[in-house]
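**Q** Taken in sequence, the protein lines are chains A and B. The first sequence begins at 476 in our numbering and counts up one residue at a time. The second sequence begins at 307 in our numbering and counts up one residue at a time. Glycine included, C-beta positions come from ideal geometry on N, C-alpha and C. This is the structure I have questions about; it appears just below.
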Amino acid sequence: MAEIRVDHLRKAFGEFVAVQDSSFTVEDGEFLALLGPSGCGKTTTLRMIAGLELPTGGAIHLGGEDVTYKRASERDIAFVFQLFALYPHMNVRKNIGFPLLSQGVPKAEIKRRVEETAKLLQIDHILDKSVSGLAGGDRQRVALGRAIVRRPKCFLMDEPLGTLDAEFRDVMVRELRELHNRIHATTVYVTHDQIEAMAMADKIAVMNHGIIEQFATPREIYNRPASMYVADFIGSPPMNFLRFTAGLPKGARIARIDGADVQMPELRADVAEGELALGVRPEHIRFSDASPLRGAIYGAEYLGTNQIVTVETAGGLVRARLPAERSYRIGDRVGLAFVADRLSLFDCRSGRAVPSVLHEGVLARDTRHREMRDLEAHHG
Amino acid sequence: MSTTKAAPAVTAHSVVEPSLRTKRIAGALVILYALITLVPLVWIFLTSIKSPPDSISYPPKILFTPSLEGYCNLFTTRTRQTPDYIAALPPPSGVCDAVTRERNMVIAGPSNFLPRFANSLIIAFGSTFLAVSLGTLAAYGFSRFKVPLADDLLFFILSTRMMPPIAVAIPIYLMYRQLGLSDTALGMMLLYTAVNVSLAVWLLKGFIDEIPREYEEAAMIDGYTRLQAFFKVVLPQATTGIAATAIFCLIFAWNEYAFASLLTSGSAQTAPPFIPTIIGEGGQDWPAVAAGTTIFLVPILVFTILLRKQLLRGITFGAVRK
Ligand SMILES: Nc1ncnc2c1ncn2[C@@H]1O[C@H](COP(=O)(O)OP(=O)(O)O)[C@@H](O)[C@H]1O
Ligand SMILES: [Mg+2]
């Protein structure tokens, strides 16, 4: 197993830039999810790490070794393709053993390791079946088996659960994470599904148009989104944005929205006059008759454990996650109160979060990263 | 135990399944077409087992006494002898000996048919093998790599088939004379390969495009070189396309007449230009010509029957997704 370090990775297809300038490090044994909508450059990033695509710029280090321009076959990695790419002319056993064959592993050893892997994935009963008749989940497990049998430096998976139906996907999410807990393989997992990413990953890189918007733990990404894009992409329903126009000085703790004062974490930077957005997670909203920020009930979705209540305010629709007990009548006027220290402030012009007490950690890391980069540039 | 299974609902207007009547009409039409195309073949076979007088009698004979004379004449050369001479000979050693003596002739030696037939086999199968091998590699390249001017190159490759053979036969004849390739099996093999490779590239590119490149990528990540991935993963999945392409190439090379009659005359002559030249007493020896044609049909028939499964799947490719 090994660490993956990606430095200023860039990929252009002619005029079109699929990956802008990606830098991140996957620690040894860590599970990274590359998360983003379709077409944002996830697969391209993964293929460059695998060696199936050559970068236009930047570098890739695997276990300390520069592999940027090495052949895929020399990188000692495993790749699980979206459609699994099981060889149709070989049975399950041959498929799983195929990577070992290329390394000249003796027949008896191949047999032993294939059976060991099959047992781990609970597919030992289908070893001699043809892959064409397999169900989705079993195809998935065979593809995983082919990946882990060789004990490679790292695993790369490109939306491996994309073709499974929703119910089965949950099962596989759990299986994959359990497998990771057992073998601790450095993993890069590409998905467009935030729930998969949140459930499985140690770290998430949220991508948008070839740019990594945020690279952090699932908790941090959820609680301290670095940009409106991330805040909107993660969470279901996503973060609410209350838009208002103002300029705020460093140290400000109050935003004036729609004539009401709203408490928020202390700002750590001046914000020039312009359009801002206060980001509020649905679960950080309460109804409070005393609150001056008011709206009318627009609708409610009952979810059993709780309910999502939509309120129409002057600043647009706001969705709150509330206890399921009370029921609300459409049209009723309510006051909205927020958990003050969990709010994020965004500058709508750049889409970035404004530095605040809450966002300190995120930004501190960013600066450190930049300082290190400058330092390296000096030495280089 | 016998349980009464509910019979599958048969609806008159089923969209997917053609109705029984449609099937019957279609079947009848196919059989009718098969009969029409088979008549010449049957006629040739019948002619091959007629005696020479029967073969040219008018009106044509449907009922006749079968004779092996055509086949005997195909494989032998004969000389005329006096009846006294023949009567003095020891008893005939075989069927052909006897048949020949009835016409007051004796077998002088083997004819050129076997060597010509062997030429056909070598040249057709050899050129098919070359065309399909080259075509597979080229098609793979066009399918998987960014080839500069790929579309123009593909068009250029195809354009070699646009001219009738006669139009290029003279230049090729002159070139071959210079190169010492005229009337050689190698020359004919190269020529048929050149003609067939365009067909092979186009057909096979279609098949290889259908094979997802993830298969090779998976193999390359698993430690194989691209060439190994090609042989271990792409080729096994392209067998259908390769079989279909091979049959098309073989049929062309096997039946080719124009180039063969112009560029070969002796040692490299193939069966198609040879068969019509079989002359008997007093003109064309039709039973022998028919016998040669019948035998000539056998290899292609066997090859096609052996590969018919692949061929069927191959010809309908694209229409049926895996
Ligand atoms: N070989 C290629 N040539 C040209 N454009 C490509 C190629 N591969 C990917 N792209 C483009 O790059 C962008 C990112 O693609 P991809 O990495 O596959 O996105 P994702 O996996 O996030 O859906 C897409 O707009 C896609 O059209
Ligand atoms: Mg993708």
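Given 7 angstroms as the limit, tell me if residue 517(A) has its C-beta closer than that to any heavy atom belonging to ligand 1.
**A** Yes; taking the cut-off as 7 angstroms, the Cβ of residue 517(A) has a heavy atom of ligand 1 nearer than that.
**Q** So, is the C-beta of residue 523(B) closer than 8 angstroms to a C-beta in chain A?
**A** Yes - at least one Cβ of chain A is within 8 angstroms of the one on residue 523(B).
**Q** Out of 544(A), 641(A), 539(A), 625(A), point me to the one whose CA is closest to residue 522(A)'s CA.
**A** Comparing Cα-Cα distances from residue 522(A) to each of 544(A), 641(A), 539(A), 625(A), the minimum goes to 544(A).
**Q** Which residues in the same chain as residue 744(A) place their Cβ atom closer than 8 angstroms to its Cβ, once the five residues preceding and following it in sequence are excluded?
**A** Closer than 8 angstroms at the Cβ level, and outside the excluded window around residue 744(A), lie 725, 829, 830.
**Q** Out of 801(A), 477(A), 580(A), state which residue places its alpha-carbon closest to the alpha-carbon of residue 783(A).
**A** Looking at the Cα atoms, 801(A) is the closest of the given residues.
**Q** How about residue 577(A): is its C-beta nearer than 8 angstroms to some C-beta of chain B?
**A** At least one chain B Cβ lies under 8 angstroms of residue 577(A).
**Q** What residues in the region 546-573 of chain B bring their beta carbon closer than 8 angstroms to a beta carbon of chain A?
**A** Listed in sequence order: no entries.
**Q** Using only CA atoms, which one of 695(A), 494(A), 779(A), 589(A) lies nearest to residue 520(A)?
**A** Looking at the Cα atoms, 494(A) is the closest of the given residues.
**Q** Skipping 5 residues on each side, what residues in its chain have a beta carbon closer than 7 angstroms to that of residue 384(B)?
**A** Excluding residues within five positions, the ones whose Cβ falls inside 7 angstroms are 406, 411, 412, 413, 414.
**Q** Could one say the Cβ of residue 605(A) lies closer than 8 angstroms to chain B's Cβ atoms, at least one of them?
**A** Residue 605(A) does not count as touching chain B.
**Q** Going by the C-beta, is residue 665(A) closer than 7 angstroms to any heavy atom of ligand 2?
**A** Yes; taking the cut-off as 7 angstroms, the Cβ of residue 665(A) has a heavy atom of ligand 2 nearer than that.
**Q** Less than 8 angstroms between CB atoms is the rule here; does residue 474(B) satisfy it with respect to chain A?
**A** Residue 474(B) does not count as touching chain A.
**Q** Using a cut-off of 8 angstroms between C-beta atoms, extract the partners of residue 554(A) located in chain B.
**A** Here the neighbours are 523, 524, 527.
**Q** May I ask you to list, following chain order, the residues of the region 434-447 of chain B that have a beta carbon less than 8 angstroms from some beta carbon of chain A?
**A** Listed by position along the chain: nothing, the set is empty.
**Q** Using a cut-off of 8 angstroms between C-beta atoms, extract the partners of residue 819(A) located in chain B.
**A** Those do not exist, as residue 819(A) stays about 40 angstroms from chain B at its closest Cβ, beyond 8 angstroms.
**Q** The beta strand (DSSP E) spanning residue 486(A) covers which residue range?
**A** First-last of the beta strand (DSSP E) with residue 486(A): 479-488.
**Q** Rounded to whole angstroms, what's the CA-CA distance from residue 477(A) to residue 662(A)? Just pull it up for me.
**A** Computed Cα separation, rounded: 10 angstroms.
**Q** Any Cβ of chain B within less than 8 angstroms of the Cβ of residue 527(A)?
**A** For residue 527(A), the answer is yes, since a Cβ of chain B falls inside 8 angstroms of its Cβ.
**Q** Between which two residues does the alpha helix (DSSP H) carrying residue 551(B) extend?
**A** Its alpha helix (DSSP H) spans residues 541-561.
**Q** For residue 563(A), go through chain B and note every residue whose CB falls closer than 9 angstroms to its CB, in chain order.
**A** 521, 542, 543, 628, listed in chain order.
**Q** Going by CA-CA distance only, name the one from 540(B), 504(B), 539(B), 409(B) that's closest to residue 469(B).
**A** Of the candidates 540(B), 504(B), 539(B), 409(B), the one whose C-alpha sits nearest the C-alpha of residue 469(B) is 504(B).
**Q** Which residues in chain B sit within 7 angstroms of residue 574(A), going by Cβ to Cβ distance?
**A** Going along chain B in sequence order, the residues near residue 574(A) (Cβ under 7 angstroms) are 528, 529.
**Q** Specify, as a first and last residue, the run of the beta strand (DSSP E) that residue 666(A) falls within.
**A** First-last of the beta strand (DSSP E) with residue 666(A): 661-666.
**Q** Using the Cα positions of residue 539(B) and residue 511(B), report the straight-line distance between them to the nearest angstrom.
**A** If I take the Cα positions, the gap works out to 16 angstroms.
**Q** How close, in whole Å, do the beta carbons of residue 862(A) and residue 553(A) come, if the pair is a contact with beta carbons under 8 angstroms?
**A** There is no way to answer for residue 862(A), as the model of chain A reaches only from 476 to 855.
**Q** Is there at least one non-hydrogen atom of ligand 4 closer than 7 angstroms to the beta-carbon of residue 533(A)?
**A** Annotation note on ligand 4: not contained in the displayed structure, which lists ligand 1 and ligand 2 as its ligands.
**Q** Which term fits residue 626(A), buried or exposed, when burial requires 16 or more other beta carbons within 10 angstroms of its beta carbon?
**A** Burial call: exposed.
**Q** Would you say residue 779(A) touches ligand 1, meaning its beta carbon is less than 7 angstroms from a heavy atom?
**A** Every heavy atom of ligand 1 is 7 angstroms or more from the Cβ of residue 779(A), so no.
**Q** Find the residues of chain B that neighbour residue 811(A), judging by a C-beta separation of less than 8 angstroms, and give them in chain order.
**A** None at all; the shortest Cβ gap to chain B is about 50 angstroms.
**Q** So residue 359(B) contacts chain A; which residues on that side make the cut at Cβ distance below 9 angstroms?
**A** The contacting residues do not exist; residue 359(B) stays about 58 angstroms from chain A at best.
**Q** Is there contact here, the region 518-534 of chain B with the region 555-566 of chain A, by at least three beta-carbon pairs under 8 angstroms?
**A** With a cut-off of 8 angstroms, the region 555-566 of chain A and the region 518-534 of chain B count as touching, because enough Cβ pairs lie within range.
**Q** Around the Cβ of residue 560(B), are there at least 16 other Cβ atoms within 10 angstroms (buried) or fewer (exposed)?
**A** Label assigned to residue 560(B): buried.
**Q** Nearest by alpha-carbon distance to residue 547(A): which of 753(A), 718(A), 789(A), 630(A) is it?
**A** The shortest C-alpha separation from residue 547(A) is found at 630(A).
**Q** Beta-carbon within less than 7 angstroms of residue 491(B)'s beta-carbon, same chain only, minus the 5 sequence neighbours each way: which residues are those?
**A** The residues are 425, 428, 429, 574.
**Q** Using 8 angstroms as the limit for Cβ to Cβ distance, is residue 558(A) near chain B?
**A** Yes, contact with chain B.
**Q** Could you please tell me which residues of the region 500-529 of chain A, in chain order, have their CB closer than 9 angstroms to any CB of chain B?
**A** Per Cβ criterion, the list reads 522, 525, 526, 527.
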